[in-house]
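Protein chains in written order, with the numbering used here: chain A, 1 to 441; chain B, 1001 to 1347.
The structure is reproduced here in structure tokens:
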């Protein structure tokens, strides 16, 4: 630990995990706000506008948290991961800079107009501001995913004689196939988070018997968007993403699935605890052949297990990777179930009166956050021991000239600061929810 | 190509200084010029729709530096590790102070966030000035890079200085006062009543102090880094920036007296633009000067990315910045005029 690697990793993992709690809501929510604004215009129903304004306030809180916790990440590439920055900046810097130039200016400008300019812009102008805001936040997601996809599956580069990466083909880099699947999967997940949040607030108001009209709008929008996006995260996006991992990171796939022995008719583990020392899965409940089918499309295909690879190429933390992946997949399956039942009740016009289901919807909103976090942990831990797959190891990427003591200190500082901000954030959001949609202040 | 990108990144930083500069300045004088809750809400409403976009210039400039000069980004950011972490915490606190204040009716919480907002703004203004001072003065870059810079050593610029010494401290103080004057002129333009009166009175005093500190900082630079002056004289085009600074400060004195509020604010914009551009032009081709041995210095040429990537980036940057100019113009036009406490949705 003398060179501080573990602290650099903890600091970055913590700050990016905390950061992504906010954008994962705002990207999906931006789309739902556009939906509310267009329905308001089409149906000439002011309630939709009130719902849009309410979610606009929640958006603003999340956006502010996303901005202030996002800036450190860009800095940390330089401060904590200077060898990585120097090695890959010419390539990865492209999309990090594009995110600022194309996405953040758009997003921040139109958020200002959306929040402060409704009277001046008029109904159509206000809708246009919402669309621009959504576009900005979705663009920003793409640029970041491209940077991450390069780390997962580098394309469009050449390794120069000077020992650093150079951009060889901008189009290959920006349209990395990995990025396309990862983006689709990630954005569907963001819509899941936002839908569950909208449905949860609708359920809360329904259970409390307040804001009946607004509650019905939130429930309907949340459940319809929630069902659609919950299906999308597993098929086709999750499936496509999984096939990319199978093809380009086979050892990661084996670790995610807890598969040690290779062979045809590979079993899919639903439950079980990996015992890495003994190289087996304890107390497994498995479906024979399913993993072969999911990975390659036929039940007889051979899937490589961890035993096929030297241990130094294994992801550093097989257990945590395995659990992250299974938590994500397990929760994703439950989301389809919850939203499916809710949708049936909604269709029969019984959802607003079925209190147990409203309770479920209200209490379900944290789980997409957990599933998304687990998904990103799967992606990031699955890539280890590499920071850029096949090109640079994480152990060679951090800033060696920074005093490890400084990193310990700042990690503790971030932990304390984010704990405080997180508590205040929750207090403010709860207050807005209690204040409800009609309040203008 | 590297000269073009040096100019682009510098220009983005200069625009950042002007734009985020006024909302930092507003933060610095927030508690002085706005006393009641209504006045404070007015001040926040004046920067509410723009402060966040202003900060994007820093993020965009950082991203471009990362892309075009990865080695500078890697060396400077890891070398200034502690200082940058403090900057981050201040930026975080300042951002949430603005946002949380508006969601919170409790008078003590509002008092608390107003104070956090002001303190963070003061410290950030000083830190950014200090940073610019470090670029001009130079840092102890060795053969292997820049080992973690101490925040301070003996407060003397020399071969092994700390981040804060008397020279960079003076640069920080100069920046603090200049941004406070800049923010005051912004509030004169955007507000009415007592806030405007107090801001106007503050601006008069602040700009006098700016002149004194400007002369002091210039003299100190001639002492600490005479090279910067030779560079300027050797590059006649750079004297345009000096002329801009002088014109800007002249306008910042003249226009407020004649009640031309927008012209006064624009003058202080021109002054800041000129100042930052002068400093960076005087420094060219250096990004980071080594105080140990000039051959260790990081210049635009010895840190630049390869041509292909820089060329592609130039194409998309031109498109992106044109779009940005378009909607920022629209934003500032649509919110022109005076603000009141009820102007914003949330403030």
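Idealized CB from N, CA, C, for every residue including glycine. Just so it is clear, the structure is predicted and the values come from calculations on it, not from any experiment.
Exercise for the section: Counting only the same chain and skipping the five closest in sequence on each side, list residues whose C-beta sits under 7 Å from that of residue 1047 of chain B. Expected result: Against the second chain, residue 1047 of chain B aligns to sequence position 47. If we look at residue 1047 of chain B and ignore the five residues flanking it on each side, its Cβ neighbours are 1023, 1026.
Handout entry: Integer Cβ distance of residue 1393 of chain B from residue 1040 of chain B, believed to fall under 8 Å
Key = Residue 1393 of chain B is absent from the structure shown; chain B starts at 1001 and stops at 1347.
Exercise for the section: With DSSP as the reference, please indicate the residues paired to residue 166 of chain A in a beta bridge. Expected result: Counted from its first residue, the first chain places residue 166 of chain A at position 166. In DSSP, residue 166 of chain A forms a bridge with A:158.
Exercise for the section: Might you give, ordered along the chain, the residues of its own chain that have their beta carbon closer than 6 Å to the beta carbon of residue 215 of chain A, omitting 5 neighbours on each side? Expected result: Start at 1 with the first residue of the first chain, and residue 215 of chain A comes out as number 215. The residues are 202, 205, 206.
Problem - Under 8 Å between C-beta atoms of residue 183 of chain A and residue 217 of chain A - result: Counted from its first residue, the first chain places residue 183 of chain A at position 183. Counted from its first residue, the first chain places residue 217 of chain A at position 217. No. Outside cutoff.
Practice task
Check the Cβ-Cβ distances between residue 140 of chain A and every residue of chain B, and say whether any is below 8 Å.
Solution key: Mapped onto the first chain, residue 140 of chain A falls at position 140. Output row for residue 140 of chain A: interface = no.
Problem - Neighbour list for residue 1114 of chain B in chain A, Cβ cutoff strictly below 9 Å - result: Within the second chain, the letter at position 114 stands for residue 1114 of chain B. None at all; the shortest Cβ gap to chain A is about 15 Å.
Practice task
Could you tell me whether the stretch 389-405 of chain A touches the stretch 1073-1091 of chain B, using the rule of 3 or more Cβ pairs below 8 Å?
Solution key: yes
Handout entry: Residue(s) in a DSSP beta bridge with residue 274 of chain A
Key = Taking the first chain and counting its residues from 1, one reaches residue 274 of chain A at position 274. A:281, per the DSSP bridge assignment.
Practice task
Just the C-alpha distance for residue 343 of chain A and residue 169 of chain A, rounded to the nearest angstrom, thanks.
Solution key: For the purposes of this step, residue 343 of chain A is taken as the residue at position 343 of the first chain. For the purposes of this step, residue 169 of chain A is taken as the residue at position 169 of the first chain. C-alpha separation (whole angstroms): 46 Å.
Problem - Listed by chain order, chain A residues near residue 1200 of chain B by CB distance under 9 Å - result: The count along the second chain starts at 1 and reaches residue 1200 of chain B at position 200. Neighbours of residue 1200 of chain B on chain A: none; closest Cβ ~25 Å, over 9 Å.
Handout entry: Beta carbon proximity, residue 1 of chain A to chain B, threshold 8 Å
Key = The residue you call residue 1 of chain A lines up with position 1 of the first chain. No answer about residue 1 of chain A holds up, because its pLDDT of 47 lies below 50 and its placement is not dependable.
Exercise for the section: At 7 Å on the CB atoms, spell out the chain B contacts of residue 446 of chain A, in chain order. Expected result: Look at the range of chain A in this structure, 1 to 441, and you will see that residue 446 of chain A is not part of it.
Handout entry: residue 314 of chain A (DSSP reduced to helix, strand or coil)
Key = Translated into the one-based positions of the first chain, residue 314 of chain A becomes position 314. Three-state result, residue 314 of chain A: coil.
Problem - Whether residue 1229 of chain B touches residue 1252 of chain B by CB criterion (8 Å) - result: Here residue 1229 of chain B corresponds to residue number 229 of the second chain, with the count starting at 1. Here residue 1252 of chain B corresponds to residue number 252 of the second chain, with the count starting at 1. It is not a contact, given that the beta carbons lie outside the stated cut-off.
Practice task
Rounded to whole angstroms, what's the CA-CA distance from residue 188 of chain A to residue 339 of chain A? Just pull it up for me.
Solution key: Working through the first chain from its first residue, we reach residue 188 of chain A at position 188. Working through the first chain from its first residue, we reach residue 339 of chain A at position 339. Going by the C-alpha atoms only, they are around 14 Å apart.
Handout entry: Span separating the alpha-carbon of residue 105 of chain A from that of residue 1056 of chain B
Key = Taking the first chain and counting its residues from 1, the one referred to as residue 105 of chain A is at position 105. Taking the second chain and counting its residues from 1, the one referred to as residue 1056 of chain B is at position 56. Cα to Cα, the separation comes out at about 6 Å.
Practice task
Find out if the Cβ-Cβ distance for the pair residue 1162 of chain B, residue 1151 of chain B is shorter than 8 Å.
Solution key: Taking the first residue of the second chain as position 1, residue 1162 of chain B is located at position 162. Taking the first residue of the second chain as position 1, residue 1151 of chain B is located at position 151. Yes, the pair counts as a contact, with Cβ atoms nearer than the cut-off.
Problem - Test item: CB-CB of residue 289 of chain A and residue 272 of chain A under 8 Å - result: Position 289 of the first chain, counted from the start, is the residue given in the question as residue 289 of chain A. Position 272 of the first chain, counted from the start, is the residue given in the question as residue 272 of chain A. Their beta carbons are not under 8 Å apart, which means residue 289 of chain A does not touch residue 272 of chain A by this criterion.
Handout entry: Simplified DSSP assignment, three categories, for residue 422 of chain A
Key = Position 422 of the first chain, counted from the first residue, corresponds to residue 422 of chain A. Reduced to three states, the DSSP call for residue 422 of chain A is helix.
Exercise for the section: Tell me, please, which residues DSSP counts as bridged to residue 286 of chain A. Expected result: Against the first chain, residue 286 of chain A aligns to sequence position 286. According to DSSP, which records beta bridges pairwise, residue 286 of chain A is partnered with A:269.
Problem - Short Cβ contact (8 Å threshold) for residue 305 of chain A with residue 260 of chain A - result: For the purposes of this step, residue 305 of chain A is taken as the residue at position 305 of the first chain. For the purposes of this step, residue 260 of chain A is taken as the residue at position 260 of the first chain. Contact flag set, yes.
Practice task
Would you identify the three-state DSSP class for residue 1337 of chain B, choosing helix, strand or coil?
Solution key: Here residue 1337 of chain B refers to the residue found at position 337 of the second chain. Here residue 1337 of chain B sits in coil by DSSP.
Exercise for the section: Could you say which of A:276, A:262, A:317 lies nearest to residue 301 of chain A if we only look at CA atoms? Expected result: Position 301 of the first chain, counted from the start, is the residue given in the question as residue 301 of chain A. The candidate whose alpha carbon is nearest that of residue 301 of chain A is A:262.
Problem - Short-range partners of chain B found in the stretch 401-425 of chain A, where Cβ spacing is below 7 Å - result: 401, 402, 403, 406, 410, 413, 417, 421, 424
Exercise for the section: Evaluate the contact criterion for the stretch 352-368 of chain A versus the stretch 269-287 of chain A: three or more CB pairs, one atom per stretch, below 8 Å. Expected result: no
Handout entry: Buried or exposed by the 16-neighbour rule on C-beta atoms within 10 Å, applied to residue 107 of chain A
Key = On the first chain, position 107 is the one that residue 107 of chain A refers to. Label assigned to residue 107 of chain A: buried.
Exercise for the section: Please confirm if the stretch 1252-1269 of chain B is in contact with the stretch 1117-1124 of chain B, defined as three or more CB-CB distances below 8 Å between the two stretches. Expected result: no
Practice task
Give the secondary structure of residue 1163 of chain B by DSSP, where H, G and I count as helix, E and B as strand, and everything else as coil.
Solution key: Numbered from its first residue, the second chain carries residue 1163 of chain B at position 163. Residue 1163 of chain B: coil per DSSP, three-state reduction.
Practice task
For residue 1288 of chain B, name the three-state secondary structure that DSSP assigns.
Solution key: For the purposes of this step, residue 1288 of chain B is taken as residue 288 along the second chain, with counting starting at 1. Three-state DSSP puts residue 1288 of chain B in a strand.
Handout entry: Neighbour flag for residue 1090 of chain B against chain A, beta carbons, 8 Å
Key = Indexing the second chain from 1 puts residue 1090 of chain B at position 90. False, the Cβ-Cβ gap to chain A never drops below 8 Å.
Handout entry: Element boundaries [alpha helix (DSSP H), containing residue 55 of chain A]
Key = Residue numbering aside, residue 55 of chain A sits at position 55 when the first chain is read from its first letter. That run of the alpha helix (DSSP H) goes 46-79.
Practice task
For chain B, find out if any of its Cβ atoms is closer than 8 Å to the Cβ of residue 34 of chain A; answer yes or no.
Solution key: Taking the first residue of the first chain as position 1, residue 34 of chain A is located at position 34. No, its Cβ sits nowhere closer than 8 Å to a Cβ of chain B.
Problem - Proximity test, Cβ basis, 8 Å: residue 461 of chain A and chain B - result: Residue 461 of chain A lies beyond the range of chain A shown here (1 to 441); nothing can be said about it.
Exercise for the section: Anything in chain A within Cβ reach of residue 1293 of chain B, meaning under 7 Å, just list it in chain order. Expected result: Residue 1293 of chain B sits at position 293 when you count from the first residue of the second chain. The premise fails here: residue 1293 of chain B is roughly 17 Å from chain A at the closest Cβ pair, so nothing lies under 7 Å.
Practice task
Verify whether the separation of the beta carbon atoms of residue 1181 of chain B and residue 1201 of chain B is less than 8 Å.
Solution key: Locating residue 1181 of chain B in the second chain gives position 181, counting from the first residue. Locating residue 1201 of chain B in the second chain gives position 201, counting from the first residue. No, these two residues do not count as a Cβ contact at 8 Å.
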